[in-house]
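Numbering (full-length UniProt numbering), first residue to last: 1 to 277.
Glycine included, every Cβ here is placed at the ideal spot set by N, Cα and C.
See structure below.
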Amino acid sequence: MNNKIRVRHIIFYIFLSVYSFIQIFPFYLKVVNSLQSKDFVPVLGQFYLWPEKINFGNYAVAWKTANLGRGYLNSLIYVTLYTAISAIIIVIVGYVIAKKKFKGRKFVFIVLISTMMVPGEILFIPNYLFLRDINWLNTFAALIVPGLVNTFGIFLAKQFFMTIPDSILESAHIDGASELRIIRNIIFPLSGPVIATYFIITYTNMWNEYIWPKIVLTQSKLYPVQLSLHTFEPTFKTQYDEILKSAGMIVTLIPVIIVFLIFQKKFVEGISLTGNK
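Here you go:
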């Protein structure tokens, strides 16, 4: 390794370290604040890099106060259903666009991708009115059905299937396999990396979703975890309330971290493969 390459690597690692610190440090401060004792009184303008007295009981209090158990269950149901159903859709559509030759294929793909340039907020009102007219407000369907056809996911899947040799599919056709069998026995098993990539990105986004559930849900029993956490925010009057808020925020991050740790290897592989073409 010559000096020029070595210097380039050093600069890269310095930049990466600084960027990582900028991203992680606020989260670390939030963890520290969530562990402070009930009688903790902060000094204005001072950073606390370690709790004065560690109190893990804050997490239990925040869990009970914000009814996070119910919110967790609701989020797990609707986020998992949405991600699983939309993953099936994006794999099938991505496969068809990438491997099936039909008139207007490129036009269909361009139209789908062009919708990515439309801000999702523009669709809030028409989607809300439609759901109201069919009496789907205050249901999990209102959270799941809109956006099931995820154009970003279709793009990922299409790019991934472009890397799969046509000879594999041709051999299956020669052996007499139907399209349904090819999709079930070949396409889905090969789609592990792209599904993992899509799963992590979508699961994280949906888990942290706040605005859309706030629009379509008015019954607290259906609130996802982010709305449950927000329900007790107006009662914050003391420093301990802020500590509980921090504890609640940390608790809500646990599923996202677990999902990433489970799928991180496939996630990196999926990003690499979808960028090949």
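Please list the terminal residues of the continuous alpha helix (DSSP H) segment that includes Gln23.
Sequence index remark: in the sequence shown, residue 23 carries index 23 (1-based). Here the alpha helix (DSSP H) through Gln23 covers Asn3 to Ser34.
Restricting to Cα atoms, I'd like to know which of Ala141, Trp136, Phe109 and Leu129 is closest to Ala157.
As a first step, residue 157 is located in the sequence shown; it is residue number 157 there, counting from the start. Comparing Cα-Cα distances from Ala157 to each of Ala141, Trp136, Phe109 and Leu129, the minimum goes to Phe109.
Using a Cβ-Cβ cutoff of less than 6 Å, which residues in the same chain neighbour Phe140 once the five nearest sequence positions on both sides are dropped?
Translated into positions along the sequence shown, residue 140 becomes position 140. So the list reads Tyr78, once near-sequence residues are dropped.
Write down every uninterrupted run of the alpha helix (DSSP H) in the stretch 84-109 whose length is 4 residues or greater and which is fully enclosed by it, in chain order.
Within the stretch 84-109, no complete alpha helix (DSSP H) run reaches 4 residues.
Given this structure, state the Cα-to-Cα distance separating Pro234 from Ile183, to the nearest angstrom.
Here residue 234 refers to the residue found at position 234 of the sequence shown. Here residue 183 refers to the residue found at position 183 of the sequence shown. With a pLDDT of 49 at Pro234, under the threshold of 50, the predicted position of this residue should be treated as unreliable, though the coordinate-derived value follows. About 50 Å.
In whole angstroms, what separates the C-alpha of Val118 from that of Leu148?
Position 118 of the sequence shown, counting from 1, holds the residue named residue 118. Position 148 of the sequence shown, counting from 1, holds the residue named residue 148. Rounded to the nearest angstrom, the two C-alpha atoms are 16 Å apart.
Mapping DSSP to helix, strand and coil, what is Phe56?
Numbered from its first residue, the sequence shown carries residue 56 at position 56. In the structure shown, Phe56 sits in coil (DSSP, three-state: anything other than H, G, I, E or B).
Do you know whose CA, among Ser246, Ile262 and Ile254, lies nearest Gly57's CA?
On the sequence shown, position 57 is the one that residue 57 refers to. Selected option, being the one with the closest Cα: Ser246.
Report the three-state DSSP secondary structure of Gln226 (helix, strand or coil).
Here residue 226 refers to the residue found at position 226 when the sequence shown is read from its first residue. Here Gln226 sits in helix by DSSP.
What is the residue span of the alpha helix (DSSP H) that Ala141 lies within?
Residue mapping note: residue 141 aligns to position 141 of the sequence shown, counting from 1. Ala141 -> alpha helix (DSSP H) spans Phe140 to Ile144.
Applying the 10 Å Cβ sphere with the 16-neighbour rule, what's the burial state of Thr238?
Working through the sequence shown from its first residue, we reach residue 238 at position 238. When all chains shown are included, Thr238 counts as exposed.
Counting Cβ pairs closer than 8 Å, one from the stretch 254-263 and one from the stretch 44-53, do we hit at least three?
Cβ pair count under 8 Å is below three, so no.
Give me the residue from Ser34, Phe15, Phe25 and Asn2 with the minimum Cα distance to Thr252.
Working through the sequence shown from its first residue, we reach residue 252 at position 252. Comparing Cα-Cα distances from Thr252 to each of Ser34, Phe15, Phe25 and Asn2, the minimum goes to Ser34.
Using C-beta distances below 7 Å, list every residue in its chain close to Ser75, excluding the 5 sequence neighbours before and after it, in chain order.
Translated into the one-based positions of the sequence shown, residue 75 becomes position 75. Around Ser75: Trp207, Pro224 and Val225.
Going by the beta-carbon positions, is the gap between Val41 and Ile195 smaller than 8 Å?
Counted from its first residue, the sequence shown places residue 41 at position 41. Counted from its first residue, the sequence shown places residue 195 at position 195. No, these two residues do not count as a Cβ contact at 8 Å.
Mark Phe102 as exposed unless 16 or more other C-beta atoms lie within 10 angstroms of its C-beta, in which case mark it buried.
The residue you call residue 102 lines up with position 102 of the sequence shown. Per the 10 Å Cβ criterion, exposed.
Straight-line CA distance for Tyr28 to Gly192?
If you number the sequence shown from 1, residue 28 lands on position 28. If you number the sequence shown from 1, residue 192 lands on position 192. Taking the straight line from one Cα to the other gives about 33 Å.
To the nearest angstrom, report how far apart Ile154 and Ala98 are at their CA atoms.
One-based indexing of the sequence shown puts residue 154 at position 154. One-based indexing of the sequence shown puts residue 98 at position 98. Computed Cα separation, rounded: 10 Å.
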